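The next block holds one structure in the form of structure tokens; read it before the comments.
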Amino acid sequence: MKKSFILFLAFGLFSCAELQQVVNTLPQEGGGITNADIASGLRQALDNGIDKQVSKLTQTDGFFRNELVKIMLPQELQKVDKTLRDIGMGNLADEGLKVLNRAAEDAVKEATPIFVTAVKQITFNDARTILMGADDAATQYLTNKTTHELYGKFNPVISSSLDKVGATQIWNNIITQYNAIPLTSNVNPDLADYVTQEALKGVYTMIAVEEKEIRTNFSSRTTDILRSVFALQDQNY
């Protein structure tokens, strides 16, 4: 209202060129923080998510012992798991679940540099909208922009990782034994596709954890750009 009143007065006193100079000197929303500043802050928040959270996924049990991202069996294999346990082969079923998570842990380790590059290349044209959005708005934006490309990068790494950690051999053994059980329907799941999808979900989940922490916890804003950018968000809560 105050800004509109000033413009009204200025219009009666100055020419169009002079009026534009007046407008340029008026206070701008966000305390002078530009979209470039906001984009930089959001990218830094996402980078922190990779450094502090996604890196945890690359460690042994990074997926398997993390209930937020632990990879469970796909629906098609849940009946395999139950049948194996019912006939006393629970140890084999346990190992099958573990190696799926091991493959994801191994793949994220190899693919994280690709993910970091993708974050650096993102331009937030609608930076202010994202900043003022939900606690995971930046993560959701990143997900929408990079999932397709990252799938193409992750999938061959996952396939290689399944072989590397012995998952392919173990699951071939499990599925062969299951399919040999009388009165069961044969299964042949695409494990590489499934684990790739779940690994990507895990990566984005952990980035969202860090984004929410930065948005809601002042002490997590460890740099000047994070403090200034997310202070703008605080004013609108």
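Numbering (mature numbering (1 follows the signal peptide of the UniProt record, and there is no 0)), first residue to last: -19 to -1, 1 to 218.
Backbone N, C-alpha and C define an ideal beta-carbon position, used for all residues, glycine too.
Just so we're clear, the structure is a prediction, and the values are computed from it rather than from any experiment.
Beta-carbon contacts of residue i that lie in its chain and below 6 Å, excluding the five residues immediately before and after
i	result
ASN160	ASN167
ASN106	none
THR124	TYR185
ALA20	PHE105 and ALA108
ASN47	none
VAL176	LEU81, ALA84, ALA85 and ILE139
ALA99	THR127
LYS90	THR39
Environment of residue i [buried if 16+ CB atoms lie within 10 Å]
i	result
LYS101	exposed
GLN34	buried
GLY22	buried
LEU164	exposed
GLY183	buried
PHE44	buried
GLU191	buried
SER142	buried
ASN169	exposed
GLY30	buried
LEU49	exposed
MET187	buried
GLU179	buried
Beta-carbon contacts of residue i that lie in its chain and below 7 Å, excluding the five residues immediately before and after
i	result
TRP152	GLY77 and LEU172
LYS193	ASP116 and ASP117
Residue i, DSSP secondary structure in three states
i	result
ILE195	helix
LEU65	helix
MET113	coil
LYS51	coil
PHE44	coil
ASN72	helix
PRO170	coil
LEU164	coil
ARG208	helix
ILE103	coil
THR6	With a pLDDT of only 33 at THR6, under 50, the local geometry of the prediction cannot be trusted, and the value read off the model is given with reservation. In the structure shown, THR6 sits in a helix (DSSP, three-state: H, G or I).
VAL146	coil
ASN217	coil
GLY13	coil
THR157	helix
THR203	coil
VAL39	In the sequence as displayed, the identity of residue 39 is Thr instead of Val. Residue state, collapsed to three classes: coil.
ALA180	helix
Close beta carbons around residue i, own chain, < 8 Å, minus the five adjacent residues each side
i	result
THR197	ASP116
GLY71	LEU65
Within the chosen definition, does the segment 123 to 131 reach the segment 91 to 100 through at least 3 CB pairs nearer than 8 Å?
yes
Check whether the segment 135 to 146 and the segment 210 to 217 are in contact - that is, three or more C-beta pairs closer than 8 Å.
no
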